[in-house]
Amino acid sequence: PCPAKGNWGIVDNGYGIYDHYDLGNYNQKGTIETRFGSRTELEQMIAVMHQSPKIEVYSDVVLNHIYSDESNEEANPAVKAYVFGEAHNEQNMPYPANEVRWVIPDATAGDYYIQIKGYGLPWTSS
Numbered sequence: 435p436c437p438a439k440g441n442w443g444i445v446d447n448g449y450g451i452y453d454h455y456d457l458g459n460y461n462q463k464g465t466i467e468t469r470f471g472s473r474t475e476l477e478q479m480i481a482v483m484h485q486s487p488k489i490e491v492y493s494d495v496v497l498n499h500i501y502s503d504e505s506n507e508e509a510n511p512a513v514k515a516y517v518f519g520e521a522h523n524e525q526n527m528p529y530p531a532n533e534v535r536w537v538i539p540d541a542t543a544g545d546y547y548i549q550i551k552g553y554g555l556p557w558t559s560s
C-alpha cells in the first residue's frame with residue numbers, strides 16, 4: 435500500500451489516502467506517523483533496501499485516489515450543485531458524497547465548463 439497518511443491515521447490500511455505528501459511528518463488525522471512509521475523511518479528503510487542489488491523499492495500509489503471524511507469538501511459551488519442536485523435529484527449518489535473533489539492544478543482564475551459523464555449521469559454523445 436501507499437506509505438502516505440491515511441484517512442484513519444495510524445490505523446488506516448494504506449488505501450484510504452488522506453494526503454499523498456504526508457509520509458509521516460505532519461500532524462494530521464490524530465497522528466504524525468503513518469501506519470508504517472515516520473518519514474525518517476521510511477527513508478531509512480529505503481536506504482537500507484537500496485544497499486542490496488536484489489531489492490527494488492516501489493510505492494503503490496494511485497494519485498487521483500483521495501479519501502476524506504470531511505463532508506462537503508468540494509469547494510467549487512457549481513460542481514457541488516450539479517453533483518448533489520441536478521445530476522441525481524439529491525438521491526442515488528453513485529459514490530459517497532464526501533469523496534467529491536476536483537482540482538485543476540496550475541489553472542488560472544476564470545470560468546470553466548466541466549461536463550460529467552458516467553453511469554447514471556445525463557450526457558449525450560454528440
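Residue numbering for the sequence shown is 435 to 560, as defined by our numbering. Note that beta-carbon positions come from the ideal geometry of N, C-alpha and C, so glycine has one too. On a predicted model such as this, the values are computed, not experimentally measured, just so you know.
- At a Cβ-Cβ threshold of 8 angstroms, residue 448 and residue 458 do not count as neighbours.
- Assigned with DSSP and collapsed to three states, residue 474 falls in helix.
- Take the alpha-carbon of residue 462 and the one of residue 443: they are about 7 angstroms apart.
- Here residue 452 is near residue 440, since their CB atoms are less than 8 angstroms apart.
- In the three-state scheme derived from DSSP, where H, G and I count as helix and E and B as strand, residue 443 is classed as helix.
- Going by C-alpha positions, residue 497 is about 11 angstroms away from residue 455.
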